[in-house]
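In this note's numbering, the protein residues as written are 879 to 998.
Notes follow once the structure below has been shown.
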């Protein structure tokens, strides 16, 4: 999946601080994830949002092993559509967990919140 994400996700305005990273990207309408989710009404799948969130984490916190990550909590408040621009902010809660917020870049309205943890 990581190679696919490198193909389809290009982060813009990437900014890092000691305990956070934030970036924007346009959801590429050509992503293969939209083909079956859903025909004539494309929506970015939640599992793809989780993968993109981890991909963002890897831009700052290397190495993060995909196999050792779990989604502790998630809340999806709005549908993400093709060509939509989103802002994603990941904040380190501690050395083993992060909260990733998907937001509207103009209003900062939350679109999704995903808490990701590293297991032992």
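Ideal placement from N, C-alpha and C gives every residue a C-beta, glycine not left out.
Quick check on the burial criterion: 16 or more other C-beta atoms within 10 angstroms. Buried or exposed for residue 903? buried
Can you tell which of 894, 913, 957 and 967 has its C-alpha closest to the C-alpha of residue 977? 967
Looking at C-alpha atoms only, which residue of 899, 996 and 933 is the closest neighbour of residue 951? 996
My assumption, with CB atoms under 8 Å, is that residue 989 sits in contact with residue 929. Please give the rounded CB distance. The Cβ separation is near 16 Å, so there is no contact.
Taking the DSSP output, what are the residues bridged to residue 925? Note: residue 925 sits in no beta bridge, so no partner.
Own chain residues within Cβ distance below 8 Å of residue 986, not counting five before or after: 965
Cross-strand partners of residue 980 (DSSP beta bridge): 966 and 990
Determine the DSSP secondary structure at residue 893, reduced to helix, strand or coil. strand
Are the beta-carbon atoms belonging to residue 899 and residue 934 less than 9 Å from one another? yes
Burial state of residue 943, where buried means 16 or more other Cβ atoms lie within 10 Å: exposed
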